[in-house]
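Enquirer: Just so we're aligned: the sequence shown equals residues 992 to 1442 in the working numbering.
Backbone N, C-alpha and C define an ideal beta-carbon position, used for all residues, glycine too.
Sharing a structure below in structure tokens format, with a few things to ask.
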Amino acid sequence: AHLDRIAAVDPAIHAFLHVSSDEALATAADVDARRAAGEPLHALAGVPIAVKDVVVTKDIPTTAGSKILDGWIPPYDATLVTRLRQAGLPILGKTNMDEFAMGSSTEHSAYGPTRNPWDETRIPGGSGGGSAAAVAAFEAPLAIGTDTGGSIRQPAAVTGSVGVKPTYGGVSRYGLIAMASSLDQAGPVTRSVLDSALLHELIGGHDPRDSTSIPESLPELVAAARGGDVAGMRLGVVSQLSGDGYEPGVKARFDDALALLADAGAEIVEVSCPSFDYALDAYYLIMPSEASSNLARFDGMRFGARTLPDEGPVTAERVMAATRGAGFGPEVKRRIMLGTYALSAGYYDAYYGSAQKVRTLIQRDFAAAFDKVDVLVSPTSPTTAFELGAKLDDPMAMYLNDVATIPANLAGVPGISLPSGLSSDGLPAGFQILGPAKADDRLYRVGSVLE
Ligand code: GLN
992 AHLDRIAAVD
1002 PAIHAFLHVS
1012 SDEALATAAD
1022 VDARRAAGEP
1032 LHALAGVPIA
1042 VKDVVVTKDI
1052 PTTAGSKILD
1062 GWIPPYDATL
1072 VTRLRQAGLP
1082 ILGKTNMDEF
1092 AMGSSTEHSA
1102 YGPTRNPWDE
1112 TRIPGGSGGG
1122 SAAAVAAFEA
1132 PLAIGTDTGG
1142 SIRQPAAVTG
1152 SVGVKPTYGG
1162 VSRYGLIAMA
1172 SSLDQAGPVT
1182 RSVLDSALLH
1192 ELIGGHDPRD
1202 STSIPESLPE
1212 LVAAARGGDV
1222 AGMRLGVVSQ
1232 LSGDGYEPGV
1242 KARFDDALAL
1252 LADAGAEIVE
1262 VSCPSFDYAL
1272 DAYYLIMPSE
1282 ASSNLARFDG
1292 MRFGARTLPD
1302 EGPVTAERVM
1312 AATRGAGFGP
1322 EVKRRIMLGT
1332 YALSAGYYDA
1342 YYGSAQKVRT
1352 LIQRDFAAAF
1362 DKVDVLVSPT
1372 SPTTAFELGA
1382 KLDDPMAMYL
1392 NDVATIPANL
1402 AGVPGISLPS
1412 GLSSDGLPAG
1422 FQILGPAKAD
1432 DRLYRVGSVL
1442 E
């Protein structure tokens, strides 16, 4: 049924870069056989899933939204994909994304944009717009995204879906094509809070192949999602994440959700996190710095479709330059240049060093806040889905979409976005809940009350 749905609507939505029909049907048949044989199965066995194309999948093409990886078929599975396969989730295919996960609209994909199922003239968010659109368009009941600065939560918000960025180290990064290794986390995109908890528990937990993976087991997420009780909990409204620039309709839905939570017995308090005002600036130095280093492997020698120079001698250096010149799109080149500059001798202390100090201040703001409250809340994104093309020529306007989501990545804390209703323009708005590191269960406990 989901493959039929993809065939019917994906020509218009373009959520998928690759549909792996044969493999999905084979897995479904295998699960049926195991069920018929009376084998105990995972709760999600047989439930199809879409996977963001930045996650490597053995024998299924993986491009990260870039021309430089066009035609690459990975020889191994990411750890989270191994876990999906072992539990018997049919993989429907790979979803569209901004090239190397750089963007907030999926318009930076080298393979053309994805459209928002709520209004096809609008963006589905980014960078994981394909995963969110697939879920919102009923092409897939579950999807995997990755979130470096908001790429799970912001697309979830603008498509009326649920998206979770787990605690850093909570889900293995083994087999994720790295953008910024200290910020990247994979997580679920679904239509309900309980579905996210089920998927998060399945893909999460320690992995010896990721040196930053948290050794202890995850808290009970499914139980928390079923538990739904906020009586006596303290919720902090971050004053820095609701001011100018947030659309009135988005704020109104945020206030409605707060009122529901207060009715359910939560205590709502205002919390100030002054360093959050500098989070975007710090992120756009740290993220490009790490990306400039991570993307060095795409040189036509180790990874990447090789391009030879048009003329002149074919030296290694000139082949690398031709490969990267032809293979990377403009946003990727912009960030490699920014990152290389920020890391260069003479500028390192002023830019990268300062940004790391700001990151420490943001971590301290979170720590001080979580001394006073159980979770922090804010709108997920300042606006609803904007028109395709509206911010494509203005990188700063694009970057501003992530003001509310970036602090969590800089501090490694978990965050969820869930629908808070339709804004005044008739489009979905998102409600964000942030918890302390390793307390991902709190997101599900609070989130389930709003569902
Ligand atoms: N939109 C942000 C960026 O462009 C976040 C991307 C992400 O989380 N992958 O960097």
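Please report how far the alpha carbon of residue 1242 lies from the alpha carbon of residue 1424, in whole angstroms.
Expert: C-alpha separation (whole angstroms): 15 angstroms.
Enquirer: Could you work out which residue in 1238, 1381, 1082 is closest to residue 1417 when comparing CA atoms only?
Expert: The candidate whose alpha carbon is nearest that of residue 1417 is 1238.
Enquirer: Contact defined as beta carbons within less than 8 angstroms: I believe residue 1033 pairs with residue 1131. What is the distance between those atoms, to the nearest angstrom?
Expert: Contact doesn't hold; Cβ gap of about 17 angstroms is too wide.
Enquirer: List the whole-angstrom C-beta distance separating residue 1443 from residue 1167, where the pair is believed to meet the contact cut-off of C-beta under 8 angstroms.
Expert: Shown here, the chain extends from 992 to 1442; a query on residue 1443 therefore has no answer.
Enquirer: Among 1395, 1408, 1377, 1436, which has the Cα closest to the Cα of residue 1108?
Expert: It is 1377.
Enquirer: Measure the alpha-carbon distance for residue 1361 versus residue 1426 and round it to whole angstroms.
Expert: Their backbone Cα atoms lie some 8 angstroms apart in a straight line.
Enquirer: Around the C-beta of residue 1169, are 16 or more other C-beta atoms found within 10 angstroms, so that it is buried, or is it exposed?
Expert: By the 10 Å Cβ count, residue 1169 comes out buried.
Enquirer: Leaving out five residues on either side along the sequence, give the residues of the same chain with a beta carbon under 7 angstroms from the beta carbon of residue 1147.
Expert: Same-chain partners within the cutoff: 1123, 1153, 1154, 1180, 1408, 1421.
Enquirer: Measure the beta-carbon distance from residue 1355 to residue 1273 and round it to whole angstroms, keeping in mind my assumption that it falls under 8 angstroms.
Expert: In fact, because the Cβ distance is near 13 angstroms, the residues do not count as touching under 8 angstroms.
Enquirer: Could you pull the DSSP bridge partners for residue 1207 from this structure?
Expert: DSSP output for residue 1207 lists no bridge partner at all.
Enquirer: Note down the Cα distance separating residue 1357 from residue 1402, rounded to an integer number of angstroms.
Expert: Each residue's Cα considered, the two are about 8 angstroms apart.
Enquirer: Roughly how many whole angstroms lie between the Cα atoms of residue 1084 and residue 1012?
Expert: So the alpha carbons of these two residues sit roughly 8 angstroms apart.
Enquirer: Any heavy atom of the ligand GLN inside 6 angstroms of the beta-carbon of residue 1421?
Expert: Answer for residue 1421: no, Cβ out of range of the ligand GLN.
Enquirer: Between 1201, 1027, 1164, 1000, which has its C-alpha nearest residue 1127's C-alpha?
Expert: The residue with the shortest Cα to Cα distance from residue 1127 is 1000.
Enquirer: Assuming residue 1420 is part of the beta strand (DSSP E), what are its boundary residues?
Expert: It spans 1419–1425 - the beta strand (DSSP E) in which residue 1420 sits, taken as one unbroken run.
Enquirer: Is it true that the region 1295–1314 meets the region 1334–1345, where meeting means three or more beta-carbon pairs spaced less than 8 angstroms apart?
Expert: Verdict: no, contact absent.
Enquirer: Could you check what DSSP says for residue 1166 in three-state terms: helix, strand or coil?
Expert: If DSSP states are grouped into helix, strand and coil, residue 1166 belongs with coil.
Enquirer: Taking C-beta to C-beta, are residue 1440 and residue 1221 nearer than 7 angstroms?
Expert: Yes, Cβ-Cβ distance for residue 1440 and residue 1221 is below 7 angstroms.
Enquirer: What are the boundary residues of the beta strand (DSSP E) that includes residue 1009?
Expert: Unbroken beta strand (DSSP E) run through residue 1009: 1007–1010.
Enquirer: Measuring from the CB of residue 1280, is there a heavy atom of the ligand GLN at a distance below 6 angstroms?
Expert: Checking the Cβ of residue 1280 against the ligand GLN gives no.
Enquirer: Could you tell me which of 1289, 1438, 1053 sits nearest to residue 1249, measuring between CA atoms?
Expert: If we check each option's Cα against that of residue 1249, 1438 comes out closest.
Enquirer: Determine contact between the region 1056–1065 and the region 1020–1039, defined as no fewer than three beta-carbon pairs at a distance below 8 angstroms.
Expert: Judged by Cβ distances under 8 angstroms, the region 1056–1065 makes no contact with the region 1020–1039, as fewer than three pairs qualify.
Enquirer: For residue 1093, verify whether its CB is less than 6 angstroms away from any heavy atom of the ligand GLN.
Expert: It does: the Cβ of residue 1093 is within 6 angstroms (strictly closer) of some heavy atom of the ligand GLN.
Enquirer: Apart from the five residues on each side of it in sequence, which residues of its chain come closer than 6 angstroms, Cβ to Cβ, to residue 1374?
Expert: 1238, listed in sequence order.
Enquirer: Less than 6 angstroms separating the Cβ of residue 1140 from some heavy atom of the ligand GLN?
Expert: Yes, the Cβ of residue 1140 comes within 6 angstroms of a heavy atom of the ligand GLN.
Enquirer: Rounded to whole angstroms, how far is the Cβ of residue 1260 from the Cβ of residue 1234, which I believe are closer than 8 angstroms?
Expert: Not a contact, Cβ separation roughly 17 angstroms.
Enquirer: Using 6 angstroms as the cut-off, classify the Cβ of residue 1393 as near or not near the heavy atoms of the ligand GLN, replying yes or no.
Expert: Answer for residue 1393: yes, Cβ within range of the ligand GLN.
Enquirer: Based on Cα-Cα distance, which residue from 1299, 1218, 1094, 1268 lies nearest to residue 1229?
Expert: Looking at the Cα atoms, 1268 is the closest of the given residues.
Enquirer: Cα-Cα, which of 1398, 1385, 1442, 1284 is closest to residue 1255?
Expert: Selected option, being the one with the closest Cα: 1442.
Enquirer: Go through the region 1352–1415 residue by residue and report every complete run of the alpha helix (DSSP H) that reaches 4 residues or more, in order.
Expert: Correct list: 1386–1390, 1397–1402.
Enquirer: Do residue 1086 and residue 1125 have their CB atoms nearer than 7 angstroms?
Expert: Going by C-beta atoms, residue 1086 is nearer than 7 angstroms to residue 1125.
Enquirer: Return the chain-ordered ranges of every beta strand (DSSP E) run that is complete within the region 1118–1191 and spans a minimum of 3 residues.
Expert: Runs of the beta strand (DSSP E) inside the region 1118–1191: 1133–1138, 1153–1156, 1176–1181.
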